[in-house]
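Colleague: Questions regarding the structure given below will be posed in turn.
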Amino acid sequence: MNDKERLYVLHTNRELEMMLAGNKPLAVFAHEKVDGFEKSDALANQDFAPYVAAGALSEHVRTRTISLANGGVVDIDYWFYSLKGEEWRVEAYWLLIDFLHHRGWCPQFEWLQGKLLGYTDQENTQHLLRTYPADLWVAEICKSQDAGSAEA
């Protein structure tokens, strides 16, 4: 799907700008740990460091080791940035990552992921309708959202 088909703009590569404006509570970046790869590449060259040093944002770094079917392993580094007071989202997101790596992903977790990252209910609804068009839960939650919008 291209950006013109979306009714909203993705947060991708705009995380720092959105966080500084107070519009995004959490940003998450991940990349396989490999020689020569710079952290700045994972962060899309967004410089969070001065804002972490100033106390405006908090940084959390975690690594997850994944066992591959061929017997090998891969380490994935995760960088979490949260607004002050929103650090709880890091732990919640880390639980989602745990589910993901145990093959437990579903539309409900994707909804929660979007909420943790700061997407609105409308943005989540559009994403889920496009990603899971035949899912009954998605249809139901979208229907109930439409009813809520009609009442407003």
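Heads up, the sequence shown is in the working numbering, so the first residue is -6 and it goes up one at a time. We put the beta carbon where it would ideally sit given N, CA and C, even for glycine. This one's a predicted model, so the numbers in the text were calculated from it and none came from an experiment.
(1) Say whether the region 47 to 60 touches the region 95 to 105, bearing in mind that this needs 3 or more beta-carbon pairs closer than 8 Å, one atom from each stretch.
(2) Pairs of beta-carbons, one from the region 65 to 76 and one from the region 17 to 31, closer than 8 Å: are there three or more?
(3) Is the separation between the beta-carbon of residue 70 and that of residue 23 shorter than 8 Å?
(4) Is residue 82 buried or exposed, if buried means 16 or more other CB atoms sit within 10 Å of its CB?
(5) Quick test of your reading: residue 41 and residue 9, contact by CB under 8 Å. State the CB separation rounded to the nearest angstrom.
(6) Just to confirm the assignment: which complete alpha helix (DSSP H) runs, minimum length 4, are found wholly within the region 79 to 136?
(7) Using the C-alpha atoms, what's the distance from residue 84 back to residue 44?
(8) Specify, as a first and last residue, the run of the alpha helix (DSSP H) that residue 42 falls within.
(9) Determine the direct distance from the alpha carbon of residue 93 to that of residue 86, and round the result to whole angstroms.
(10) Following the continuous beta strand (DSSP E) through residue 156, name the residue where it begins and the one where it ends.
Modeller: Concretely, from the data shown:
(1) Remark: fewer than three beta-carbon pairs, one from each stretch, lie closer than 8 Å, so the region 47 to 60 and the region 95 to 105 are not flagged as touching.
(2) Because the criterion of three Cβ pairs below 8 Å is met, the region 65 to 76 and the region 17 to 31 touch.
(3) Numbered from 1 along the sequence shown, position 77 holds the residue referred to as residue 70. Numbered from 1 along the sequence shown, position 30 holds the residue referred to as residue 23. A contact, by the Cβ cut-off of 8 Å.
(4) For this step, residue 82 is matched to residue 89 along the sequence shown. Counting Cβ neighbours within 10 Å, residue 82 comes out buried, since at least 16 surround it.
(5) Residue mapping note: residue 41 aligns to position 48 of the sequence shown, counting from 1. Residue mapping note: residue 9 aligns to position 16 of the sequence shown, counting from 1. The distance from the Cβ of residue 41 to that of residue 9 is about 6 Å, consistent with a contact at the 8 Å cut-off.
(6) Considered as a whole, the region 79 to 136 harbours 81 to 94, 100 to 110, 114 to 124 as its complete alpha helix (DSSP H) runs of no fewer than 4 residues, in chain order.
(7) Taking the first residue of the sequence shown as position 1, residue 44 is located at position 51. Taking the first residue of the sequence shown as position 1, residue 84 is located at position 91. Their Cα atoms are separated by approximately 21 Å.
(8) Within the sequence shown, the letter at position 49 stands for residue 42. Start and end: 42 to 46.
(9) Numbered from its first residue, the sequence shown carries residue 86 at position 93. Numbered from its first residue, the sequence shown carries residue 93 at position 100. So the alpha carbons of these two residues sit roughly 10 Å apart.
(10) The structure shown does not extend to residue 156, since the chain is modelled only from -6 to 145, so the question has no answer here.
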